[in-house]
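In the working numbering, the protein residues as written are 3 to 603.
Have a look at this one:
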């Protein structure tokens, strides 16, 4: 409240000034009766406080906020009266000389947790971890704990509040020295806080005691939330048990697409369930919402084929006339690595990037269709793609998963068992026209019957092996069948075999009919003379799996091994199960085998 302005003598006693201040703070609330310097407040309207005047003024009124006039009988005028802001927000008048892009005469200073022009929107809503609005594919982590011989996978997509079950949270690997878990919100959003929760593993409570929060707009470069005291990265206090919820609101909202939680101190293990709090940055503009549609199911294709990744967009409500949009396709990388640009298009102009240059284009057979067509699919094209549509400030996207059909096979170094570091395993698979298999690919192969007792590297640098028939020399009799895990291993120090993934073939693998048995060098020359190349291990497995190649004749392959494929088991042709049999790596000078050749199409 403020008094009506009037002239004051310079010699006003301090007691009177004190009384005036007291009246402004207390008397309007009825805590003081009129006495001394105070007068009968009934002379002031609308709750005003009466104070004795000086000289020719018998009294004057201290008016409450919103009123003015000699006796508080007039309503105060201005952009902030009455207050247009909601939720106890402060209204601030904007000076015309400093208005800039503000087209009102005031701005609302929102209290924590609110947003909008008039602070009308709560910006501390759950963003979808618990409800599933944030999909599994949007959540990634630096590592995963594999428990109970690899049968329990504490994966990042399990890190949802109040999730139940034996395996009900994300846990980082014990070998991970710098663990993190992150969410890709698929568009820029306003993030204002995080709720964390621990979990129980093996009957013991595990949780994050302290953690940091990093964020990014592009997913390429992250930075940590800083402390308001200027002491560096802000440290957030986490949980004290496995089930309670701990809410941490940020000092300032983040306008980001990626949010990463980085455990600092963990109780027993870095185990976490969590929820992000915030709101849409600008989910609706001009009363119209942009919606992007992509298929939920995985698309399957094979190497060398053409594939179309469907993506459409529309507006709610529908627009009468088309609007220009910008379209961007990305390929998501595994384990939190940066995304890979594929194509950007504005109108009929487009630009492709990297290995996709010249192989991709937008299909626009129908209005508002922005599907991506990829020609001549390569092994590395398998993965998850993001279709992003940008209309001015509005930005929406969807995911499409593309998987190439292939076969998983175990591979050993010519020197024998457990000779490959992780990088050597990667190189060995590539040399056999394959790549190191992912856990999902190995698990699918196990479901189809793959049984192998030697542990091998996988794409995430973990070491695992699939068992369908429990036996003593292969982990003992006390465990159920499954994919058993040694967990992540050191890329250089540890050595194992490899599990490779070879896609379906474009060409033909065949056994070369030759009048004589051949040495390795003679086998290579014989294939060249036939207009082909000596086949690689991955090519032989793919021909067995997808072309039904069935021969009982052992033949040389490019790596110096000798193998043969059996689709229909029969007497005198190895074990009574389908598969690719191996004779190992014989002496290259041995003239005892035929050869398998590969002719590209």
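We treat Cβ as the ideally placed atom computed from N, Cα and C, and that holds for glycine.
Length-filtered (4 minimum) alpha helix (DSSP H) runs lying within the region 378-465: Counting whole runs of 4 or more residues, the region 378-465 contains the alpha helix (DSSP H) stretches 424-433 and 441-449.
Residue nearest to residue 524 in terms of C-alpha spacing, selected from 588, 576, 464 and 593: What you label residue 524 is simply residue 522 of the chain shown in a count that begins at 1. Relative to the Cα of residue 524, the nearest Cα in the group 588, 576, 464 and 593 belongs to 593.
Status (buried if at least 16 other CB within 10 Å, exposed otherwise) for residue 604: Lying before the first or after the last residue shown, residue 604 is absent from the chain, which here runs from 3 to 603.
Buried or exposed by the 16-neighbour rule on C-beta atoms within 10 Å, applied to residue 538: Within the chain shown, the letter at position 536 stands for residue 538. The residue in question, residue 538, is buried, as its Cβ has 16 or more Cβ neighbours within 10 Å.
Which of helix, strand or coil DSSP assigns to residue 547: The count along the chain shown starts at 1 and reaches residue 547 at position 545. Three-state result, residue 547: helix.
Cα-Cα separation between residue 469 and residue 153, rounded to whole angstroms: As a first step, residue 469 must be located in the chain shown, where it is residue number 467. As a first step, residue 153 must be located in the chain shown, where it is residue number 151. Taking the straight line from one Cα to the other gives about 11 Å.
Three or more C-beta pairs below 8 Å linking the region 439-455 and the region 484-494: In short, these stretches touch, since the Cβ pair count reaches three.
Buried versus exposed call for residue 166 [16 or more other C-beta atoms within 10 Å across all chains shown]: Within the chain shown, residue 166 is the residue found at index 164, counting from 1. Residue 166 should be labelled exposed.
Rounded Cβ spacing between residue 401 and residue 384 (contact assumed at less than 8 Å): Residue mapping note: residue 401 aligns to position 399 of the chain shown, counting from 1. Residue mapping note: residue 384 aligns to position 382 of the chain shown, counting from 1. With a Cβ gap of about 14 Å, residue 401 and residue 384 do not count as contacting.
At least 3 beta-carbon pairs within less than 8 Å: the region 254-274 vs the region 457-467: They do not touch, by the three-pair rule.
Of the listed residues 575, 512 and 516, nearest to residue 600 (C-alpha basis): Residue mapping note: residue 600 aligns to position 598 of the chain shown, counting from 1. If you compare the alpha carbons of 575, 512 and 516 with that of residue 600, the shortest gap goes to 512.
Under the three-state DSSP convention, the category residue 140 falls into: Stepping through the chain shown from its first residue, residue 140 is reached at position 138. When secondary structure is reduced to three states using DSSP, residue 140 falls in the helix class.
Meets three-Cβ-pair contact criterion under 8 Å: the region 247-263 and the region 303-322: At 8 Å Cβ cutoff, the stretches do not touch.
Buried versus exposed, by CB contacts within 10 Å (16 or more), residue 569: Taking the first residue of the chain shown as position 1, residue 569 is located at position 567. Around the beta-carbon of residue 569, fewer than 16 other beta-carbon atoms lie within 10 Å, marking it exposed.
Rounded separation between residue 121 and residue 111 - CA only: Your numbering for residue 121 matches position 119 in the chain shown. Your numbering for residue 111 matches position 109 in the chain shown. So the two alpha carbons sit approximately 8 Å from each other.
Between the CA atoms of residue 514 and residue 532 - distance to the nearest angstrom: In the chain shown, counting from the first residue as 1, residue 532 sits at position 530. In the chain shown, counting from the first residue as 1, residue 514 sits at position 512. Going by the C-alpha atoms only, they are around 9 Å apart.
C-alpha gap between residue 212 and residue 172, whole angstroms: Walking along the chain shown from the start, residue 212 turns up at place 210. Walking along the chain shown from the start, residue 172 turns up at place 170. If I take the Cα positions, the gap works out to 16 Å.
Pair within 8 Å by beta-carbon distance, residue 317 and residue 262: Here residue 317 is taken as the residue at index 315 of the chain shown, counted from 1. Here residue 262 is taken as the residue at index 260 of the chain shown, counted from 1. Here residue 317 is not near residue 262, since their CB atoms are 8 Å or more apart.
Cα-Cα separation between residue 530 and residue 598, rounded to whole angstroms: Here residue 530 refers to the residue found at position 528 when the chain shown is read from its first residue. Here residue 598 refers to the residue found at position 596 when the chain shown is read from its first residue. If I take the Cα positions, the gap works out to 12 Å.
Pick from 393, 323 and 314 that is closest to residue 367, judged by C-alpha positions: Start at 1 with the first residue of the chain shown, and residue 367 comes out as number 365. Ranking 393, 323 and 314 by Cα distance to residue 367 puts 314 first.
Counted within 10 angstroms of its Cβ, other Cβ atoms place residue 95 as buried (16 or more) or exposed: Locating residue 95 in the chain shown gives position 93, counting from the first residue. Exposed is the label assigned to residue 95, since fewer than 16 other Cβ atoms lie within 10 Å of its Cβ.
Contact the region 357-366 vs the region 375-391: 3+ CB pairs below 8 Å: Contact between the region 357-366 and the region 375-391 is present, with at least three C-beta pairs closer than 8 Å.
Nearest-angstrom Cα separation, counted from residue 183 out to residue 406: Here residue 406 refers to the residue found at position 404 when the chain shown is read from its first residue. Here residue 183 refers to the residue found at position 181 when the chain shown is read from its first residue. The straight-line gap separating the alpha-carbon atoms of residue 406 and residue 183 is approximately 27 Å.
Integer-rounded CB distance, given that residue 409 should sit under 8 Å from residue 544: Here residue 544 corresponds to residue number 542 of the chain shown, with the count starting at 1. Here residue 409 corresponds to residue number 407 of the chain shown, with the count starting at 1. Yes, they are in contact, since the Cβ atoms of residue 544 and residue 409 sit about 6 Å apart, within 8 Å.
Bridge partner(s) assigned by DSSP for residue 257: By 1-based counting over the chain shown, the position of residue 257 is 255. Residue 257 is bridged to 192.
As assigned by DSSP and simplified to three states, the class of residue 540: Position 538 of the chain shown, counted from the start, is the residue given in the question as residue 540. Helix, per DSSP.
Selection from 589, 54, 247 and 578 that minimises the alpha carbon distance to residue 164: One-based indexing of the chain shown puts residue 164 at position 162. Relative to the Cα of residue 164, the nearest Cα in the group 589, 54, 247 and 578 belongs to 247.
When 490, 481, 547 and 520 are compared against residue 505, the one with the closest alpha-carbon: In the chain shown, the residue the question calls residue 505 occupies position 503. For the residues 490, 481, 547 and 520, the minimum Cα distance to residue 505 belongs to 547.
The alpha helix (DSSP H) enclosing residue 530, as first and last residue numbers: Position 528 of the chain shown holds residue 530. Residues 522-531.
For residue 421 and residue 591, the rounded distance between their alpha carbons: The residue given as residue 591 occupies position 589 in the chain shown. The residue given as residue 421 occupies position 419 in the chain shown. Those two C-alpha atoms are separated by around 24 Å.
Cα-Cα separation, residue 541 to residue 430: Residue mapping note: residue 541 aligns to position 539 of the chain shown, counting from 1. Residue mapping note: residue 430 aligns to position 428 of the chain shown, counting from 1. Between residue 541 and residue 430, the C-alpha separation is close to 14 Å.
Rounded distance between the beta-carbons of residue 558 and residue 1, thought under 8 Å: Only positions 3 to 603 of the chain appear in this structure, which leaves residue 1 out of reach.
CA-to-CA distance, residue 603 to residue 509, given in whole angstroms: As a working mapping, residue 509 is identified with position 507 in the chain shown. As a working mapping, residue 603 is identified with position 601 in the chain shown. Each residue's alpha carbon lies about 5 Å from the other.
One or two residues paired with residue 331 in a DSSP bridge: Counting from 1 along the chain shown, the entry for residue 331 is found at position 329. 345 and 389, per the DSSP bridge assignment.
Spatial distance of residue 271 from residue 441 (CA atoms): As a working note, residue 271 is residue 269 in the chain shown. As a working note, residue 441 is residue 439 in the chain shown. In this model, residue 271 and residue 441 are separated by some 23 Å (Cα to Cα).
Buried or exposed (CB count within 10 angstroms, at least 16 for buried), residue 147: Start at 1 with the first residue of the chain shown, and residue 147 comes out as number 145. It is buried - the Cβ of residue 147 has at least 16 other Cβ atoms within 10 Å.
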